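**Student:**
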Amino acid sequence: MRVTVIGTGYVGLVSGACLADVGNEVLCLDIDPGKIRLLEEGGLPIHEPGLLEIVSRNVQAGRLFFTTDIERAARHGMVQFIAVDTPPGDDGSPDLQYVLAAARNIGRYMDGYRVVANKSTGPIGTGDKIQATIAEELAVRGEEIPFAVVSNPEFLKTGAAVEDFMRPDRIIIGTEDEQAAELLRGLYAPFQLNHDKLLVMDIRSAELTRYAANAMLATRISFMDELANLAEILGADIELVRQGIGSDPRIGRHFLYAGCGYGGSCFPKDVRTLIRTGHENGHDMQVLRAVEEANERQKHRLVDKIIAHFGDRLDGLRFALWGLAFKPDTDDMCEAPSCVVIDELTRRGANITAYDPMAINEARRVFADTDKYAGLSYVTRPMDAVLGADALIIVTEWKELRNPDFDVIRTALKQPVIFDGRNLYDPAEMRRYGVAYHGIGRQLP
Numbered sequence: 103m104r105v106t107v108i109g110t111g112y113v114g115l116v117s118g119a120c121l122a123d124v125g126n127e128v129l130c131l132d133i134d135p136g137k138i139r140l141l142e143e144g145g146l147p148i149h150e151p152g153l154l155e156i157v158s159r160n161v162q163a164g165r166l167f168f169t170t171d172i173e174r175a176a177r178h179g180m181v182q183f184i185a186v187d188t189p190p191g192d193d194g195s196p197d198l199q200y201v202l203a204a205a206r207n208i209g210r211y212m213d214g215y216r217v218v219a220n221k222s223t224g225p226i227g228t229g230d231k232i233q234a235t236i237a238e239e240l241a242v243r244g245e246e247i248p249f250a251v252v253s254n255p256e257f258l259k260t261g262a263a264v265e266d267f268m269r270p271d272r273i274i275i276g277t278e279d280e281q282a283a284e285l286l287r288g289l290y291a292p293f294q295l296n297h298d299k300l301l302v303m304d305i306r307s308a309e310l311t312r313y314a315a316n317a318m319l320a321t322r323i324s325f326m327d328e329l330a331n332l333a334e335i336l337g338a339d340i341e342l343v344r345q346g347i348g349s350d351p352r353i354g355r356h357f358l359y360a361g362c363g364y365g366g367s368c369f370p371k372d373v374r375t376l377i378r379t380g381h382e383n384g385h386d387m388q389v390l391r392a393v394e395e396a397n398e399r400q401k402h403r404l405v406d407k408i409i410a411h412f413g414d415r416l417d418g419l420r421f422a423l424w425g426l427a428f429k430p431d432t433d434d435m436c437e438a439p440s441c442v443v444i445d446e447l448t449r450r451g452a453n454i455t456a457y458d459p460m461a462i463n464e465a466r467r468v469f470a471d472t473d474k475y476a477g478l479s480y481v482t483r484p485m486d487a488v489l490g491a492d493a494l495i496i497v498t499e500w501k502e503l504r505n506p507d508f509d510v511i512r513t514a515l516k517q518p519v520i521f522d523g524r525n526l527y528d529p530a531e532m533r534r535y536g537v538a539y540h541g542i543g544r545q546l547p
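If you're matching positions, the sequence shown starts at 103 in my numbering and goes up one per residue.
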């Protein structure tokens, strides 16, 4: 099948490469010539495990192409995926200008029946706006070309996007057009050989499903964070509580890990969008308001522990910080807890030496104000950050950080103190090593 993917960001590039990998002829469009040049030269504009190999393989096989030619893209695929960015607008809601620009270009240049499948995150009703935009362009042309608009939300996890696309839990198709549904059923058939994972529903239900899924996961995280804070007061251990409730099949074990808050480009934005959608429609999303407030407080939890240990003024102290990305296996620092920790500690006069296996270049961009962040530096090896530091702070649970040499850490630190925002280590073991350990909701021996 001939497929066009508009946008070569996280969602678009993964989708295009994976669709090409099962035999489709995929053309990826982006208006940024720098991105297209990078892709044509064999590079990637994003980091995602396994993606480079798939892109390279399908470019060499002649199934995956890249272009900045809008007309060519609109004429290429019967299926047109919109996968462009929807950055927060002035009021925090998703900005649809790029989505509607893509729809406008499809309407301007399409030369036959098109299924326009939207993967970009937009508020409920985005499909209606895409429909109207394409219809307006066709009216300007004086053409009556049939088309169908579909909501096809993505559920890709950063760091596991390729695996998620290739082996999806579910495929949501929001449309009442039977021809479009059957076309997409055929396109997705290679990804559901074991059993049918495709759910067809109306567009608005599909759009709400995406938000509901992320909001539910964010709620589980904030609930566990709140329980962890209570566990500290009560002298309970959140890890034991997690095991106890996670063994209940009605609850399950996923997204039950307490820590220093969630970040990323999806959960925070989607929670806020649902809150705003409720408000605009006269419904108070009380639970989600509490989730957002709890998460913002939790991002300060490590800072509170550091101040309780060292005092409010941190002049002359240097902290080793492990983890800048909002989660492992990505360089994404959007709303990462590390940003709050770095802001708060440097504001109090502390110096920070940071390590992250992927996100250092992104951190240099985020913390580009070298005057404000004069005390922030980076190293390429985790132990280099620890040497001579007053304490170690862990913000991202990278696998390589799970079993370090604690004898070396204790010797390298000026004071053997660890603030663990992801509960990577066992408090009893830390005590045996002579380390003052501060986790999230952990019971100290």
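Even for Gly, the Cβ is constructed at its ideal location relative to N, Cα and C.
Fair warning: this is a prediction, and the values are worked out from it, not measured in the lab.
Among Q400, I275 and T379, whose alpha-carbon lies nearest the alpha-carbon of T321?
**Tutor:** In the sequence shown, the residue the question calls residue 321 occupies position 219. For T321, the nearest C-alpha among the options comes from Q400.
**Student:** A487 to I496, Cα distance in whole Å?
**Tutor:** Here the question's residue 487 lines up with position 385 in the sequence shown. Here the question's residue 496 lines up with position 394 in the sequence shown. Rounded to whole angstroms, A487 to I496 spans 12 angstroms at the Cα level.
**Student:** Could you give the DSSP three-state label for P189: helix, strand or coil?
**Tutor:** Looking up residue 189 in the sequence shown gives position 87. Correct three-state label for P189: coil.
**Student:** What are the boundary residues of the beta strand (DSSP E) that G441 is part of?
**Tutor:** Looking up residue 441 in the sequence shown gives position 339. For the record, residue 441 in the displayed sequence is Cys; it is not Gly. Premise fails: C441 lies in the alpha helix (DSSP H), P439 to R449, not in any beta strand (DSSP E).
**Student:** According to DSSP, simplified to helix, strand and coil, what is E277?
**Tutor:** Reading the sequence shown from its first residue, position 175 is the one you call residue 277. Rather than Glu, the amino acid found at residue 277 in this sequence is Thr. Reduced to three states, the DSSP call for T277 is coil.
**Student:** Taking V161 as the reference, give the member of I172, R177 and I138 with the closest Cα.
**Tutor:** Against the sequence shown, residue 161 aligns to sequence position 59. Comparing Cα positions, the closest option is I138.
**Student:** Tell me the residue span of the beta strand (DSSP E) that contains S253.
**Tutor:** Position 151 of the sequence shown, counted from the start, is the residue given in the question as residue 253. Note, S253: beta strand (DSSP E), F249 to S253.
**Student:** I believe K429 touches T260 by the beta-carbon criterion, under 8 angstroms. Please report the beta-carbon distance rounded to the nearest angstrom.
**Tutor:** Start at 1 with the first residue of the sequence shown, and residue 429 comes out as number 327. Start at 1 with the first residue of the sequence shown, and residue 260 comes out as number 158. Their Cβ separation, rounded to whole angstroms, is 6 angstroms, which keeps K429 and T260 in contact under 8 angstroms.
**Student:** If we count the other Cβ atoms within 10 Å of its Cβ and call it buried at 16 or more, is G418 buried or exposed?
**Tutor:** Locating residue 418 in the sequence shown gives position 316, counting from the first residue. By the 10 Å Cβ count, G418 comes out exposed.
**Student:** Helix, strand or coil, according to DSSP, for N453 in the structure here?
**Tutor:** Counting from one through the sequence shown, the residue named residue 453 turns up at place 351. N453: strand per DSSP, three-state reduction.
**Student:** Fully enclosed by the segment 447-510, which alpha helix (DSSP H) runs are 4 residues long or longer?
**Tutor:** Runs found: 462-468 and 484-488.
**Student:** Which value, in whole angstroms, describes the spacing of the CA atoms of N453 and G346?
**Tutor:** Translated into positions along the sequence shown, residue 453 becomes position 351. Translated into positions along the sequence shown, residue 346 becomes position 244. Roughly 40 angstroms between the two C-alpha positions.
**Student:** Over the uninterrupted beta strand (DSSP E) stretch that includes F293, give me the two end residues.
**Tutor:** As a first step, residue 293 must be located in the sequence shown, where it is residue number 191. Note, F293: premise wrong, no beta strand (DSSP E); not H, not E.
**Student:** Quick one: grab the DSSP three-state call for R420.
**Tutor:** Reading the sequence shown from its first residue, position 318 is the one you call residue 420. Strand at R420.
**Student:** Helix, strand or coil for N525? Go by DSSP, reduced to three states.
**Tutor:** As a working mapping, residue 525 is identified with position 423 in the sequence shown. In the structure shown, N525 sits in coil (DSSP, three-state: anything other than H, G, I, E or B).
**Student:** I need the boundaries of the alpha helix (DSSP H) containing T311, first residue and last residue.
**Tutor:** Along the sequence shown, one-based indexing puts residue 311 at 209. T311 -> alpha helix (DSSP H) spans I305 to L336.
**Student:** For K501 and P151, what's the separation of their Cα atoms in angstroms?
**Tutor:** Walking along the sequence shown from the start, residue 501 turns up at place 399. Walking along the sequence shown from the start, residue 151 turns up at place 49. Answer to the nearest angstrom: the Cα atoms are 14 angstroms apart.
**Student:** Taking a contact to mean a Cβ-Cβ separation below 7 angstroms, would you say V537 touches R512 in this structure?
**Tutor:** As a first step, residue 537 must be located in the sequence shown, where it is residue number 435. As a first step, residue 512 must be located in the sequence shown, where it is residue number 410. Cβ distance < 7 angstroms, so V537 and R512 count as in contact.
**Student:** Could you pull the DSSP bridge partners for L131 from this structure?
**Tutor:** For the purposes of this step, residue 131 is taken as residue 29 along the sequence shown, with counting starting at 1. The partner list for L131 (beta bridge, DSSP) reads I108 and T169.
**Student:** Quick one: Cα of L376 to Cα of A315, how far?
**Tutor:** The count along the sequence shown starts at 1 and reaches residue 376 at position 274. The count along the sequence shown starts at 1 and reaches residue 315 at position 213. Distance between the alpha carbons of L376 and A315 is about 11 angstroms.
**Student:** Measure from the alpha carbon of E446 to the alpha carbon of each residue in F421, E464 and D458, then state which is nearest.
**Tutor:** Within the sequence shown, residue 446 is the residue found at index 344, counting from 1. Closest option to E446, Cα to Cα, is F421.
**Student:** Report the residue from A410, P225, L332 and A291 whose alpha carbon sits nearest the alpha carbon of N383.
**Tutor:** Sequence index remark: in the sequence shown, residue 383 carries index 281 (1-based). Ranking A410, P225, L332 and A291 by Cα distance to N383 puts P225 first.
**Student:** Among the candidates G490, I335, E239 and L121, whose CA atom is the shortest distance from the CA of G288?
**Tutor:** By 1-based counting over the sequence shown, the position of residue 288 is 186. Closest option to G288, Cα to Cα, is L121.
**Student:** Less than 7 angstroms separating the beta-carbons of P547 and P529?
**Tutor:** Along the sequence shown, one-based indexing puts residue 547 at 445. Along the sequence shown, one-based indexing puts residue 529 at 427. For P547 and P529, yes; Cβs fall inside 7 angstroms.
**Student:** Buried or exposed for G125, please, with buried defined as at least 16 other CB atoms from any protein chain shown within 10 angstroms of its CB.
**Tutor:** The sequence position of residue 125 within the sequence shown is 23, counting from 1. Exposed.
**Student:** Helix, strand or coil for V373 per DSSP?
**Tutor:** Translated into the one-based positions of the sequence shown, residue 373 becomes position 271. Helix.
**Student:** Under a three-way DSSP split, which group does I520 fall into?
**Tutor:** Here the question's residue 520 lines up with position 418 in the sequence shown. If DSSP states are grouped into helix, strand and coil, I520 belongs with the strands.
**Student:** Does the beta-carbon distance from I273 to L295 come in below 7 angstroms?
**Tutor:** Within the sequence shown, the letter at position 171 stands for residue 273. Within the sequence shown, the letter at position 193 stands for residue 295. Result no, Cβ atoms of I273 and L295 do not sit closer than 7 angstroms.
**Student:** Just to check my reading of the structure: G164 and L129 have Cβ atoms closer than 8 angstroms, yes? What is that Cβ distance to the nearest angstrom?
**Tutor:** To locate residue 164, count along the sequence shown from 1; it is residue 62. To locate residue 129, count along the sequence shown from 1; it is residue 27. Actually they are not in contact, since the Cβ atoms of G164 and L129 sit about 12 angstroms apart, beyond 8 angstroms.
**Student:** Which one or two residues does DSSP pair with H540 in a beta bridge?
**Tutor:** Position 438 of the sequence shown, counted from the start, is the residue given in the question as residue 540. Per DSSP, F521.
**Student:** Starting from the C-beta of Y457, find all residues in its chain whose C-beta is less than 6 angstroms away, skip the five residues before and the five after it, and write them out in chain order.
**Tutor:** Within the sequence shown, the letter at position 355 stands for residue 457. Closer than 6 angstroms at Cβ, skipping near neighbours: W424, V481, P484 and A487.
**Student:** Cβ of F183 within 7 angstroms of Cβ of K231?
**Tutor:** The residue given as residue 183 occupies position 81 in the sequence shown. The residue given as residue 231 occupies position 129 in the sequence shown. Not closer than 7 angstroms, so no.
**Student:** If you count every other CB in all the chains shown that lies within 10 Å of the CB of K474, and 16 or more means buried, which is it?
**Tutor:** Within the sequence shown, numbered from 1, the residue matching residue 474 stands at position 372. Exposed, because fewer than 16 other Cβ atoms sit within 10 Å of the Cβ of K474.
**Student:** Would you kindly work out how many angstroms separate the C-alpha atoms of S324 and E256, rounded to a whole number?
**Tutor:** Position 222 of the sequence shown, counted from the start, is the residue given in the question as residue 324. Position 154 of the sequence shown, counted from the start, is the residue given in the question as residue 256. About 23 angstroms.
**Student:** Residue range of the alpha helix (DSSP H) that I232 falls in?
**Tutor:** Here residue 232 refers to the residue found at position 130 when the sequence shown is read from its first residue. Segment T228 to R243, the alpha helix (DSSP H) holding I232.
**Student:** Is the beta carbon of P439 closer than 7 angstroms to that of C368?
**Tutor:** Position 266 of the sequence shown, counted from the first residue, corresponds to residue 368. Position 337 of the sequence shown, counted from the first residue, corresponds to residue 439. Going by C-beta atoms, C368 is not nearer than 7 angstroms to P439.
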